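To start, the structure itself, in structure tokens.
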Amino acid sequence: MAQHPRFDMFKSAWRAQDYAQALGHIDAVIADNTRVAALHWYRANCLQKLERFAEARAAVAQVLALKPDHAPALVLQVQLDWPDHEYHEDPTPAQVAEEERSTAERRQRHVAQLRRALDIDPTLADACFELSQLLRDDT
Numbered sequence: 003m004a005q006h007p008r009f010d011m012f013k014s015a016w017r018a019q020d021y022a023q024a025l026g027h028i029d030a031v032i033a034d035n036t037r038v039a040a041l042h043w044y045r046a047n048c049l050q051k052l053e054r055f056a057e058a059r060a061a062v063a064q065v066l067a068l069k070p071d072h073a074p075a076l077v078l079q080v081q082l083d084w085p086d087h088e089y090h091e092d093p094t095p096a097q098v099a100e101e102e103r104s105t106a107e108r109r110q111r112h113v114a115q116l117r118r119a120l121d122i123d124p125t126l127a128d129a130c131f132e133l134s135q136l137l138r139d140d141t
């Protein structure tokens with residue numbers, strides 16, 4: 003398969019750390035190749051660099067929908083997963099209890115997902131680091 007003409011433009015923009023331009027190019031490539039997980043992975047990384055985290059989470063979910071064993075995407079999904087809500091007043095006891103329950107469930111999911119990523123690729127330094135932080139926080 004021939005390389006998309008805008009992929010080289012994406013690579014150049016990425017190397018120049020022009021992530022907004024890189025995103026535009028990779029989106030054009032994806033428009034013609036919607037089922038290629040690697041392209042969505044590049045898109046997720048652009049969005050993360052641009053601090054567009056909600057969109058980055060969606061892009062990582064697309065990577066994993068296309069390639070469930072994409073170990074780096076499993077790690078990035080954990081790194082991007084945090085609550086989006088903010089309390090504008092002091093939280094109620096019920097809100098505090100719900101937050102604690104939700105945090106415990108999220109931590110369990112993250113530990114399992116990071117272990118899965120390491121089963122797939124034991125050399126993933128980010129997975130080792132994230133897992134060690136989660137396990138350390140449990141003690």
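Numbering of the sequence shown is given in the numbering used here, commencing with residue 3 and proceeding in unit increments. Don't be surprised by glycine CBs; every beta carbon is placed ideally from N, CA and C. In this text the structure is predicted, and so the values were computed from the model without any measurement.
What is the residue span of the alpha helix (DSSP H) that R45 lies within? First-last of the alpha helix (DSSP H) with R45: 39 to 51.
Suppose contacts are defined by Cβ-Cβ distances below 8 Å. Is V31 in contact with H6 by that definition? Yes.
With a cut-off of 8 Å, do at least 3 Cβ pairs link the stretch 91 to 109 to the stretch 122 to 131? The stretch 91 to 109 vs the stretch 122 to 131: no contact.
Which first and last residues belong to the alpha helix (DSSP H) in which H72 is found? It is not in any alpha helix (DSSP H) - H72 carries neither H nor E in the DSSP assignment.
Measuring CB to CB, does D83 end up less than 8 Å from H112? The Cβ atoms of D83 and H112 sit closer than 8 Å to each other.
Reference L126; option with closest CA among L136, V77, E101, A96: Per the Cα distances, V77.
In the DSSP assignment, find the unbroken alpha helix (DSSP H) run with A15 in it and report its ends. For A15, the enclosing alpha helix (DSSP H) covers residues 7 to 17.
Thinking just about the alpha-carbon of each residue, which of K69, P124, C48, E53 is nearest to the one in W16? The shortest C-alpha separation from W16 is found at C48.
Helix, strand or coil for L136 per DSSP? When secondary structure is reduced to three states using DSSP, L136 falls in the helix class.
Rounding to the nearest angstrom, what Cα-Cα distance links F9 and A33 in this structure? Those two C-alpha atoms are separated by around 12 Å.
In terms of residue numbering, what span does the alpha helix (DSSP H) encompassing L100 cover? The question names Leu, but residue 100 is Glu in the sequence shown. Taken as a continuous stretch (DSSP letters only), the alpha helix (DSSP H) holding E100 covers 95 to 122.
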